[in-house]
Structures are given as C-alpha cells and as structure tokens.
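Here the sequence shown is numbered in the working numbering, starting from 3 and rising by one per residue.
Beta carbons are placed, not taken as given, at the ideal position from N, Cα and C, and that holds for glycine.
Data block below; observations after.
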Amino acid sequence: KHAVQDYSDPSFPTYIYPRQDHVLIGGTFHPGNSDTTPSEEHTQLILNGAAKFFPQLRSAPILRVAVGVRPGRSQVRLEAEVVEVVTKEGPQQIRVVHNYGHGGAGWTLHWGCAMEAVDLALEGLPPHKLPLARL
C-alpha cells in the first residue's frame with residue numbers, strides 16, 4: 003500500500019490514501035467556496051487524477067462522496083494575547099492562545115504547533131511545584 007500526494011497542479015491537488023478496506027481519494031482547492039454539495043464534475047476530475055497513478059481505481063465502486071471545507075489563511079497564526087473579559091467579579095485579563103490557519107498542512111504541522119501553543123499557554127503562569135515521587 004502506498005499513499006500518493008500530487009501537488010504538481012496547485013489548484014487541483016490529488017491525494018490517494020489506502021485504508022484497510024477502501025481507498026480514500028480526493029483533491030480540489032476552491033478558495034472562497036464553502037459549498038459542501040458534492041459535484042459530479044469534481045468527482046470525475048478527482049477520479050481521473052487518481053487514475054493517473056492507479057488506473058484500476060477508474061473501475062472501483064464509489065462508496066461515498068463527501069465535501070469538506072478547510073479554512074486556511076496565508077500563514078499560520080500561532081501567538082498569545084491578553085484580552086479583557088467581563089465576569090461576575092468584574093473585568094479580568096486572560097491569556098488567549100491562537101493556533102489556527104494550518105490549512106491542508108495541519109497533519110504535518112500539528113506536533114510542533116501544539117507544543118508551541120502549550121508553551122505559550124504556560125508562559126506567565128505561576129510555577130506549579132509537583133511533589134516528586136520517591137522510586
């Protein structure tokens with residue numbers, strides 16, 4: 003089993019991910035379009051793109067067609083800011099960590115970004131002293 007990702011046409015990427023009992027194929031990139039209605043035209047384009055790598059996929063049964071939306075931005079936003087909120091006790095300042103905008107690279111970036119987000123969230127907190135276990 004081999005996964006394939008083809009980004010030779012940035013406006014129409016193709017990906018093929020073999021699973022245990024099926025193959026997940028996809029691709030298309032439509033900035034500004036949030037319509038999640040499947041399109042027969044796009045389905046055929048995706049199948050044709052996948053068939054370039056594995057011609058046998060052309061005759062495979064289609065189990066399901068789905069459309070997803072991946073919000074993205076020109077760059078990842080990974081930073082902390084202090085915002086003021088109003089609570090029952092009055093105004094308070096809280097630290098908010100922003101970690102979004104990974105687009106299609108979320109799977110690749112999530113480890114490093116998550117660790118950095120934790121570091122940002124912990125910055126400024128009083129040190130927490132945990133008792134050490136005696137082994």
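Local Cβ density within 10 Å of residue i, reported as buried at 16 or more and exposed below that
| i | result |
| --- | --- |
| His2 | Absent from the structure is residue 2, since the part of the chain shown begins at 3 and ends at 137. |
| Ile48 | buried |
| Gly114 | exposed |
| Arg52 | The displayed chain sequence assigns Ala, not Arg, to residue 52. Label assigned to Ala52: buried. |
| Asn101 | buried |
| Gly29 | buried |
| His104 | buried |
| Arg110 | The sequence given here has Thr at residue 110, not Arg. It counts as exposed. |
Coil, strand or helix - residue i by DSSP
| i | result |
| --- | --- |
| Glu86 | strand |
| Arg79 | strand |
| Val67 | coil |
| Ile126 | Per the sequence shown, the amino acid found at residue 126 is Gly instead of Ile. If DSSP states are grouped into helix, strand and coil, Gly126 belongs with coil. |
| Gly34 | coil |
DSSP beta-bridge partners of residue i
| i | result |
| --- | --- |
| Asn101 | Leu80 |
| Ala26 | In the sequence as displayed, the identity of residue 26 is Leu instead of Ala. Beta-bridge pairing links Leu26 to Tyr19. |
| Gly108 | Note: Gly108 sits in no beta bridge, so no partner. |
Delimiting residues of the beta strand (DSSP E) encompassing residue i
| i | result |
| --- | --- |
| Gln7 | Val6 to Asp8 |
Extent of the continuous alpha helix (DSSP H) to which residue i belongs
| i | result |
| --- | --- |
| Gln58 | From DSSP, Gln58 is part of no alpha helix (DSSP H); its letter is neither H nor E. |
| Thr45 | Glu42 to Ala53 |
Chain B within 8 Å of residue i, Cβ atoms only
| i | result |
| --- | --- |
| Arg97 | Absent here is chain B; the protein component of the structure consists of one chain. |
C-alpha gap between residue i and residue j, whole angstroms
| i | j | result |
| --- | --- | --- |
| Phe31 | Leu80 | 24 Å |
| Glu83 | Pro128 | 17 Å |
| Val54 | His112 | Contrary to the premise, residue 54 reads as Lys rather than Val in this sequence. Those two C-alpha atoms are separated by around 30 Å. |
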